[in-house]
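With our numbering applied, the sequence shown closes on residue 467, and no number is skipped along the way. All C-beta atoms, glycine included, are put in the ideal place defined by N, C-alpha and C. Heads up, the thing below is written out as structure tokens.
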Amino acid sequence: MSEQKKSTQKRSVFAWIFGCLGILILCLSLVINLVLTMALFAMVGDSSSYTYPKFEEQVIEGSEFSDDKIAVIPISGVILKEGTSGDIFSETVPSAEMYVEQIRQAAHDDSVKALILSVDSPGGSVSASDLIFHEVLKFLETGKPLIAHYSEVAASGAIYVSVPADVIITEPTALVGSVGTIMTNLNVEGLFEKVGLKEEVFKSGEYKDIFSSTREMTDDEKEIVNGLIDHDTALFENIVITHRPEIDQADYDTVFDARIFTATQAKDIGLVDDIGYFEDARKEAELLSGVTDYSLVQYEVPFSFTSFFKGFTSSFGSSSVDKLTQLVLSDHPRSMFLWK
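In structure tokens:
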């Protein structure tokens with residue numbers, strides 16, 4: 128074969144390869160533009176008001192054609208207002224608002240005859256816990272029974288959100304309690320001295336930098352912060368007293384010193400009604416609602432191009448430095464109903 132023919136064949140192969148690549152890039156570009164367009168329409172749709180149901184139902188047990196339902200809402204992990212939307216590689220961490228919306232959907236759905244809060248949480252922020260608590264009270268106004276089931280840990284804010292339940296059942300190995308408030312602040316004054324750093328603060332009032340991490344708090348500042356703690360703790364204690372009349376007044380000092388209890392101790396002191404498992408909580412829901420033929424359901428966030436696009440971009444659009452910066456800037460002192 129002549130050199131000219133070989134050269135012609137090579138050019139043909141390269142032309143074919145580049146042609147295929149061009150077609151592939153064109154197709155990929157069309158797909159990306161289609162996804163972006165659909166995501167834009169989804170964002171416009173999401174910004175408008177919606178009616179229930181907002182969440183899809185996943186049938187855990189029973190027939191999806193049953194007329195009656197018992198809803199289960201798991202409350203797990205630290206309870207915070209913001210939560211995380213996750214990305215294509217990680218799960219969504221529910222926000223307090225998501226829990227609120229799920230409870231609201233169960234309240235609005237006439238086919239939901241009872242609600243089980245399945246709790247495994249050390250608590251969370253005061254404001255996030257209070258949002259959920261407020262929605263729990265509104266749910267109870269419907270007359271539907273509410274059962275709380277405690278699995279591994281039900282502490283502090285987790286108690287706060289579930290204490291109004293008609294029946295509270297805890298597993299034998301669960302840790303329950305820690306009724307109280309905590310607020311922490313990291314002091315790096317010694318570290319700054321070692322590395323030769325000094326923070327200069329310009330402020331409009333004496334207490335503007337009360338939570339400065341580069342100096343010790345004054346006695347006056349500590350008194351102010353303790354006043355905040357006392358306010359939130361009094362709110363917490365009054366809620367427990369109101370919704371758990373089973374607790375003897377003689378045991379208030381024990382319950383409200385923020386200690387954690389075993390399941391047996393929690394029952395003896397009146398924080399829970401009984402010791403059992405999820406099946407027992409389910410039986411209580413059946414008994415109080417009077418339903419026998421029903422489906423057991425959980426709520427799931429439906430797929431949308433908005434959430435998919437946000438997850439896709441967050442997976443590849445944020446560097447480790449960006450995430451670290453967000454973490455540091457968001458870690459401001461706040462009052463917590465949290466067991467640590």
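When the five nearest sequence neighbours on each side are left out, the beta carbons in the same chain lying within less than 6 Å of the beta carbon of GLY307 are those of THR360, ALA385, in order along the chain. Secondary structure of TYR426 (DSSP, three-state): strand.
The C-beta of HIS459 has fewer than 16 other C-beta atoms within 10 Å across all chains shown, which makes the residue exposed.
Taking C-beta atoms as the reference points, ASP400 and ILE296 count as a pair closer than 8 Å. Shown here for ILE230: same chain residues with a beta carbon closer than 6 Å to its own, the five before and five after excluded, namely GLU262, PHE266 in chain order. At the C-beta level, VAL253 and ALA281 stay beyond 8 Å of one another.
Using a 10 angstroms sphere on the CB of HIS370, the tally of other CB atoms reaches 16 or more, which defines it as buried. By the Cβ neighbour-count rule, TYR334 is exposed, with fewer than 16 other Cβ atoms within 10 Å of its own.
For the pair of segments examined, the segment 317 to 336 was found not to touch the segment 284 to 298: the number of CB pairs separated by less than 8 Å stays below three. Runs of the alpha helix (DSSP H) lying entirely within the segment 344 to 389, each at least 4 residues long, are 346 to 370, 379 to 382 in chain order. For GLU427, the closest C-alpha among the options ILE150, VAL290, LEU207, PRO221 is that of PRO221. Shortest Cα-Cα distance from ALA301 to any of PHE260, ASP407, VAL246 involves VAL246. For ILE200, the enclosing beta strand (DSSP E) begins and ends at 195 to 203. Annotated three-state conformation of LYS240 is strand, per DSSP.
The straight-line gap separating the alpha-carbon atoms of TYR277 and PRO249 is approximately 11 Å.
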